[in-house]
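A quick write-up on the structure given underneath.
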Amino acid sequence: MARIEHLILLISFTILAITGLPQKYPANSFADSVIVFLGGIETVRIIHRWAAFALMAGSVYHLFTGAYRSLVRRERMRMLPQRKDVRDWWDTVRYNLGFTSEPPKMAKFNFGEKIEYWAVVWGTAIMAITGFMLWNPLATTAVLPGQFIPAALAAHGGEAVLAVLSILIWHLYNVLVKQRNFSIFSGNLPRHQMEEEHALELERLESGGEIWPGGSLQGVARRQRIFLVVSVIVGGLMIAGLIWAFTFEETAITTIPRVTREIFTPLGTPMP
Amino acid sequence: MRSFSLWLVGLIIVLIGSFLWWEPAAADFAPDTAVTLPQQQVSGDDRTDLACLLCHQDTTAEITFPSGETISAQIDLDSLAHSVHGSGDEALTCTDCHNPNAYRSPHSGVTAPDYASYRLEKAAACEQCHVQPHLDSHTQLAAAADTAVACQDCHGEGHTVQPAAMFDAETGTAVCADCHTEKDATTTDPAGLFNAIQYGLFDRQPGENYCLACHTQPGLTMTFANGDAVSITVDPDGLHDSVHGADNPWQPLACANCHRDTAPYPHEPVTAASARQFTLSQYGLCEQCHNYNYERATNSVHGDALQEGNENAAVCIDCHGSHEIPTPNEPRARISHICEQCHSEIFNEYAESVHGAALLEEDNPDVPTCIDCHGVHDINDPTTNLFRVRSPELCAKCHANVELMDKYEISTDVFETYVADFHGETVTLFEQLDPTAETNKAVCYDCHGIHNILPPDAPHAGIKTNLLATCQQCHPDATDNFPDAWTSHFRPSLEHNPLVYLVNLFYDIVIPLTVGFFAFMVFTDIYRRVRERVAGRRAAGGE
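Which chain is which? The protein sequence lines are A and B, in order.
Note that my numbering numbers the first sequence so that position 162 is 162, with each residue one more than the last.
Take any residue in the second sequence, count from 1 to its spot, add 272: that is its number in my numbering.
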């Protein structure tokens, strides 16, 4: 499940970044060549919006799987930040700098992963809201002050840079540079990597812990039925809302009307 | 005596013939254009000829000038009879040229100091009938008497005047070549002769004087087949004050510099059917010197319209004038007035705009005239996508110029803030990538107006007085808050667009902090890994 979500996120995020950043830096010639390569600014915008649609759909999907796992299967939400994460971070820094010889033992989701996850949640929320505002400025200004539009543009651009830089520096370092970690594609993590990054989870699993701890299958069938009904209704509404949001308003006329006027109106008097 | 009797009989026959056939020859002089040369009625009094010829046809008498020069008093009757004045419809009598009062026998002595002066004096007699300008240009040299050219020098001595047609022939060219031989011109070829005259002995044109002798006469008109009548009187002062005139820094132009084909007299008949057709046939003359601008104008919106058959399309002389060509941009307002000739409605709009008012009322040197936006000569079609997409650059030429705008306390942020915004960014991208594509994104003039641009805060009509209406031109569903979505060309600050300013500030702080944090973590991790590897290698080396 998480692998599919990651793939959706990976593809849509990359497309959004490729089609979005050149729009933020139109004066940059490389940005321009990207836009040319993709078929012009209007095409780029359309691609950007479809990618946004994919990202939104992926986010909805994630919300549903998350809801299913926590509400139906009653799994513990182990992605939530804990006090231990701060300690783990501090210990990691000390370990890296050589102040201690023991690395911290971290759980299934270590502090770095949690930072990333919540950064994505935060970033996606920001991007979705500001993106909607930019896409539908008339509807937005019917409710909010006009200044929210340029502010949304600023936030959309700022958040984009923040997200891309974070991914490039933090995520790609951790999964590609430091060591090649393709577990998100394969579903398997080599033992030495698990020892290094998730020692606590390894210990827990090896001591017979459940893969999905906290799950309770008691009455799960009933919850599943409820969930199915609710999710179909809510999901349908969300997809409808998404489509509605994407075709929300006719922001501007598509063609500036051409004004025809007589230009030859001679004076009939001699030249000055 | 026998030859005299024969001549007498011949003369009587000729005179009878003259009485029968002679009539005032005005029609023959009238050229195809409506130039009317003043005609003097010749007397046709044959008896004076008889009297004159009694002495002058066979004499050894000589006329002696004070200078000591002498000429024969004898008239070669054979030559006279074959001359253009001695035969045919236009035959003259002696007194037509030699004023009978002055020449009554016994003749008073000659008053001219020398032969050259005498010939110039006699040339005046020609002008009784022939108001021909080139005589003027040549006789003006009389100041330097030895180079003065009298009518007779070219057309033959008084009694052997050759018909004008002769000057079209090869022999005629040789006459000119007598003097104008400086250059290696082919004097037997009319065009070559012309050049020989133009650049020959005196390095002078058959200049204005040649042409102006006729063309300064008031009331000269040329009538075209369709009834159009245009004045062909040229104001010599206007000509001299023209950019091509006396003050021309390069060299003053003579008529023939432009009118190369029509210059020699008699002119070829004009074939243009109307005055406009004639104008259209003439503006190509400008190309001879101004080929660069000529070509650009030919490729302009005017040239295209002309190509498509619109005869009203402006050609060189419509804007610049023909004989009286002023410096087109002095004063600057003249430029826009020139365009007004054809585009008066647009001019009136412009005249009320912030730019037009400053130009016309204050002679402001900075505001754009028509050509600053539309170009000069190579005027582009302003209705194309290309023009639209590039128009912000056009405005930016002045409005992003700090030095220029400071004078008027106008912000130069307008262009950059426009480009930073959605509209401007899109248009800029279009301009760089696909400039001929159509875009519905606003450019400067969509909001500010085209010719009728007013200051944004102008009362009643300024863009600020009803910004929503301006937005609604493209965003019909826009509501009250919508105009504030536009940053009004202000860079975000606490004063203007504070929310944008704060968002930017937030990311200006958060991005470096986040990146710094991640970078720190990455570097500590690298530090540890490098340390471990070095330690591992040492341990391996130690074993």
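Note that beta-carbon positions come from the ideal geometry of N, C-alpha and C, so glycine has one too.
No experiment lies behind these values; they were computed from the predicted model shown.
Asked, Found
"How big is the Cα-Cα spacing for B/L739 and B/D653?", "29 Å"
"For a test of the three-state rule: what should DSSP assign to B/E393, helix, strand or coil?", "helix"
"Using 8 Å as the limit for Cβ to Cβ distance, is B/L705 near chain A?", "yes"
"Within 10 Å of its beta-carbon, does B/H627 have 16 or more other beta-carbons around it, so buried, or fewer, so exposed?", "buried"
"Report all residues from its chain with a CB closer than 7 Å to the CB of B/H427; omit the five preceding and five following residues, and keep chain order.", "V433 and Q434"
"Going by DSSP, which residues form a beta bridge with B/M494?", "B/V502"
"When the distance is taken between beta carbons, is A/H156 closer than 8 Å to A/M127?", "yes"
"Give the range of the beta strand (DSSP E) segment to which B/I343 is assigned.", "T342 to S344"
"Select from B/C324, B/N584 and B/C366 the residue whose C-alpha is nearest the C-alpha of B/P378.", "B/C324"
"Does B/E624 come out as helix, strand or coil in the three-state DSSP assignment?", "helix"
"Once DSSP output is grouped into helix, strand and coil, what is the label at B/E334?", "strand"
"Since A/W170 meets chain B, which of its residues come closer than 8 Å, beta carbon to beta carbon?", "F790, M793 and V794"
"Does the beta carbon of B/D650 sit closer than 8 Å to a beta carbon anywhere in chain A?", "no"
"Quick one, are the C-beta atoms of B/V782 and A/L162 less than 8 Å apart?", "yes"
"Which residues in chain A have a C-beta closer than 7 Å to the C-beta of B/Y717? List them in chain order.", "Neighbours of B/Y717 on chain A: none; closest Cβ ~11 Å, over 7 Å."
"Would you mind telling me which residues of chain E sit closer than 7 Å to A/N96, beta carbon to beta carbon, in chain order?", "Judged by its chain identifiers, the structure shown contains no chain E, and its protein chains are A and B."
"Please state if the CB of A/T19 and the CB of A/S59 are separated by a distance shorter than 8 Å.", "no"
"Alpha carbon to alpha carbon, how far is B/I618 from B/C667? Give it in angstroms, no decimals.", "18 Å"
"Compute the Euclidean distance between the alpha carbons of A/S33 and A/L10, then round it to the nearest angstrom.", "23 Å"
"Which chain A residues sit within Cβ distance under 9 Å of B/H888?", "The structure shown does not extend to residue 888 of chain B, since chain B spans only 273 to 815, so no value can be given for it."
"In the DSSP assignment, what residue or residues form a beta bridge with A/T265?", "B/H615"
"By the three-class DSSP mapping on this structure, what secondary structure does A/A151 have?", "helix"
"Within 8 Å of any Cβ in chain A, is that where the Cβ of B/A302 sits?", "Since pLDDT at B/A302 reaches only 33, below the 50 mark, its modelled position is unreliable, and the value read off the structure follows with that caveat. Chain A, which has no Cβ nearer than 8 Å to the Cβ of B/A302, makes this no."
"Between the alpha carbons of B/K679 and B/F790, how many angstroms are there, rounded?", "49 Å"
"Short check: CB of B/V787 to CB of A/L165, under 8 Å?", "yes"
"List the endpoints of the continuous alpha helix (DSSP H) containing B/C369.", "C366 to C369"
"Determine whether the Cβ of A/V60 lies closer than 8 Å to any Cβ atom of chain B.", "no"
"Residues in its own chain within less than 6 Å of B/H574 by CB, not counting five upstream and five downstream?", "A585 and A586"
"Name the two residues that bound the continuous alpha helix (DSSP H) containing B/S553.", "A547 to Q554"
"How about A/T43: is its C-beta nearer than 8 Å to some C-beta of chain B?", "no"
"What's the C-alpha gap between B/D386 and B/H402?", "24 Å"
"Is there contact here, the region 724–743 of chain B with the region 684–697 of chain B, by at least three beta-carbon pairs under 8 Å?", "no"
"Return the first residue and the last residue of the alpha helix (DSSP H) that A/T141 is part of.", "P137 to V143"
"Measure the beta-carbon distance from A/A52 to A/G131 and round it to whole angstroms, keeping in mind my assumption that it falls under 8 Å.", "6 Å"
"Please confirm if the region 790–806 of chain B is in contact with the region 96–113 of chain A, defined as three or more CB-CB distances below 8 Å between the two stretches.", "yes"
"Pick from B/D685, B/V661 and B/A629: whose alpha carbon is nearest that of B/H671?", "B/D685"
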